[in-house]
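Residue numbers (my numbering), protein chains in the order written: chain W, -16 to 79; chain L, 21 to 346.
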C-alpha cells in the first residue's frame, strides 16, 4: 500500500517536472468548451444517457452531465466525443 | 479535423443509420470501444437514434446492435459511390460534360488574337511579324508565354519603341506601343554645312540666304550633288573664305516613274488588268513622292506583250530638294 503511494507520488512528480500532457499519462479526460455551442471530451469512457436536452458521459473522474437544447453528438470515436448544440450547464458527479 | 473527415467520408460514401431499442447508449459505447466512428448522432423519440457512419463500419456494427437488442436500419445512402451507382445509366452524359469542360479549357489556353495598338509610323504587319519572331503569335499556348521576355526582345530589336506592354485578356493579347519621337534629322543651326540634292531633277528656283550657290536655275542635278556650299568669302579679300551654315530654298522639277507588269489572263479582261496595273503602280508611286511636292503632270502609258500588260506612270512634280549635310 505504502509502496503504491510512493509510486504514485513519483509519477506525479515526474509529470510535474517533465511538463508532458497529463491527460495522456493519467487517463484523465480533457474537455474543451467553445462558447456555448461545442463541447469536446477526450478520453471518455462511454455515454450513459443521451437525450436532446441532456447528455451524461462517463469519465475517469466521474460522470459529466451536459444540459442544453438540441444537443447533437457530432462525432464519437474511441478517443473523442464532440457535443454540439446550445449548452447551458455542465456538471461533474464525483463517484468517490 | 472533422471537416476533412467529412469530405473524406463524402468521397468514400456514408450511410445514415437509425437504431431503435432500449439500450442505444450501450450500443454507442460498444461501437466506441471497438473503434467504430459515428457522426452526428441525433435522438428521434425516446428509443430511436439516427447517426451517420461509413459503409465498412455499418457492416461491423450490425453485430453489436443484435447483441444489445436494437433494430438497425439504413435510412439513407449518401456520397459519391452511391451517387455514381444511382446515375450509372447516364455515364455518357457525364462524359459529355467532362469533355465539354476539357475542350473549353484547352481552347481557352491558347492566344487566339494579337491586337496591336499605339503604333503610328511602324506598320502593324511589321510589328506583328517581329512579335511572332520574339515569341508572341496567334495559336500559341498561354502558359508558354512570358510577356517580359517578349518585351525585352522587342526593345532590343527595335530602337524606335519607347514603351511596350502586353496584357492578356482571355484569349486576346493586347499589345500597347508608344513610339519614340526621333530627333529631327539635319544639322544644328550654328554648325557649318552644305546643301545637297535629295533627288535628281531640274532646278526651277533657287534662293540663297547664306552660302555660295553652285547651280543656277535650269541646271540638271543628280541625287547627292552639292547645290549650295557652306562657304563665304570676305568682301574685301575674296581669297580668304570661312565656313557658314548654308541656308537656301531650292525648288526643282522632279520626275517619278513607276512600271507595273501584270500577266494576262483568259478569265479577266485586259481592261481590268490594265486598271489593276494602274492602281498598283499609282499606289507605289504615291508612297515615294514627298508630301510637300506639288504634282504638275500625270501620264500613263500602257504597253502590251503577248503575255504581259505593262503600265507606266510618270509624274512630274515641283518640290524642294535641299538637304543639309555637314
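Beta carbons are placed, not taken as given, at the ideal position from N, Cα and C, and that holds for glycine.
7 Å Cβ shell around residue i - same chain, five flanking residues per side excluded
| i | result |
| --- | --- |
| residue 351 of chain L | One cannot answer for residue 351 of chain L here, as it falls past the ends of chain L, which runs 21 to 346. |
| residue 211 of chain L | 265 and 346 |
| residue -15 of chain W | none |
Sheet register partners of residue i (DSSP bridge)
| i | result |
| --- | --- |
| residue 36 of chain L | L/72 and L/96 |
| residue 16 of chain W | W/22 |
| residue 59 of chain W | W/64 and L/58 |
| residue 50 of chain W | W/37 and W/72 |
| residue 42 of chain W | W/45 |
| residue 252 of chain L | L/262 |
| residue 85 of chain L | Looking at the DSSP assignment, residue 85 of chain L forms no beta bridge with any residue, so it has no partner. |
| residue 340 of chain L | L/271 |
| residue 246 of chain L | L/216 |
| residue 31 of chain W | None, per the DSSP bridge assignment. |
| residue 348 of chain L | No information on residue 348 of chain L is available, as it lies outside the stretch 21 to 346 that chain L covers here. |
| residue 233 of chain L | L/248 |
| residue 63 of chain L | L/69 |
Same chain only: Cβ atoms within 8 Å of residue i, ignoring 5 sequence neighbours per side
| i | result |
| --- | --- |
| residue 147 of chain L | 136, 139, 195 and 197 |
| residue 175 of chain L | 181 and 184 |
| residue 285 of chain L | 293 |
| residue 43 of chain L | 88, 89 and 90 |
| residue 119 of chain L | none |
| residue 46 of chain L | 88 |
| residue 35 of chain L | 72, 73, 74, 75, 78, 94, 95, 96, 97 and 98 |
| residue 150 of chain L | 174, 177 and 178 |
| residue 209 of chain L | 265 |
| residue 52 of chain W | 35, 36, 68, 69 and 71 |
Beta carbon of residue i nearer than 8 Å to that of residue j
| i | j | result |
| --- | --- | --- |
| residue 21 of chain W | residue 67 of chain W | yes |
| residue 207 of chain L | residue 231 of chain L | no |
| residue 329 of chain L | residue 303 of chain L | no |
| residue 171 of chain L | residue 343 of chain L | no |
| residue 155 of chain L | residue 169 of chain L | yes |
| residue 42 of chain W | residue 59 of chain W | no |
| residue 99 of chain L | residue 186 of chain L | no |
| residue 69 of chain L | residue 80 of chain L | no |
| residue 53 of chain L | residue 61 of chain W | yes |
| residue 29 of chain W | residue 75 of chain W | no |
| residue 69 of chain W | residue 34 of chain W | no |
| residue 220 of chain L | residue 241 of chain L | yes |
| residue 277 of chain L | residue 332 of chain L | yes |
| residue 28 of chain L | residue 51 of chain L | no |
| residue 8 of chain W | residue -2 of chain W | yes |
| residue 327 of chain L | residue 283 of chain L | yes |
| residue 130 of chain L | residue 104 of chain L | no |
| residue 40 of chain W | residue 17 of chain W | no |
| residue 280 of chain L | residue 297 of chain L | yes |
| residue 261 of chain L | residue 252 of chain L | yes |
| residue 199 of chain L | residue 288 of chain L | no |
| residue 82 of chain L | residue 92 of chain L | yes |
Beta-carbon contacts of residue i that lie in its chain and below 6 Å, excluding the five residues immediately before and after
| i | result |
| --- | --- |
| residue 101 of chain L | 33 |
| residue 157 of chain L | none |
| residue 319 of chain L | 334 |
| residue 59 of chain L | 72 |
| residue 37 of chain W | 50 |
| residue 15 of chain W | 23 |
| residue 73 of chain W | 49 |
| residue 301 of chain L | 278, 280, 331 and 333 |
| residue 47 of chain W | 40 and 75 |
Within chain A, partners of residue i - CB distance below 8 Å
| i | result |
| --- | --- |
| residue 58 of chain W | Going by chain labels, chain A is absent from the structure shown, which instead holds the protein chains W and L. |
Distance cut-off 7 Å: residue i Cβ against heavy atoms of the ligand COA
| i | result |
| --- | --- |
| residue 311 of chain L | Absence of the ligand COA from the depicted structure is noted, as is the absence of any ligand whatsoever, leaving it without description. |
- Query: Using 8 Å as the threshold, is the segment 235 to 254 of chain L in touch with the segment 307 to 314 of chain L, meaning 3 or more CB pairs across them?
  - Reply: no
- Task: Would you check if the segment 329 to 346 of chain L and the segment 262 to 275 of chain L touch, i.e. whether three or more CB-CB distances between them fall below 8 Å?
- Result: yes
- Could you pull out every unbroken beta strand (DSSP E) segment of at least 3 residues lying fully inside the segment 93 to 170 of chain L, listed in chain order? 133 to 137
- Message: Quick test of the definition: if touching needs 3 or more C-beta pairs under 8 Å, does the segment 80 to 89 of chain L touch the segment 22 to 42 of chain L?
- Response: yes
- At what residue ranges does the segment 261 to 338 of chain L contain a whole run of the beta strand (DSSP E), taking only runs of 3 or more? 261 to 263, 267 to 283 and 314 to 324
- Task: Please determine if the segment 186 to 195 of chain L and the segment 239 to 254 of chain L are in contact, where contact requires at least 3 C-beta pairs separated by less than 8 Å.
- Result: no
- Item | Complete runs of the beta strand (DSSP E) confined to the segment 177 to 230 of chain L [at least 3 residues] | 181 to 189, 192 to 199, 214 to 217 and 221 to 230
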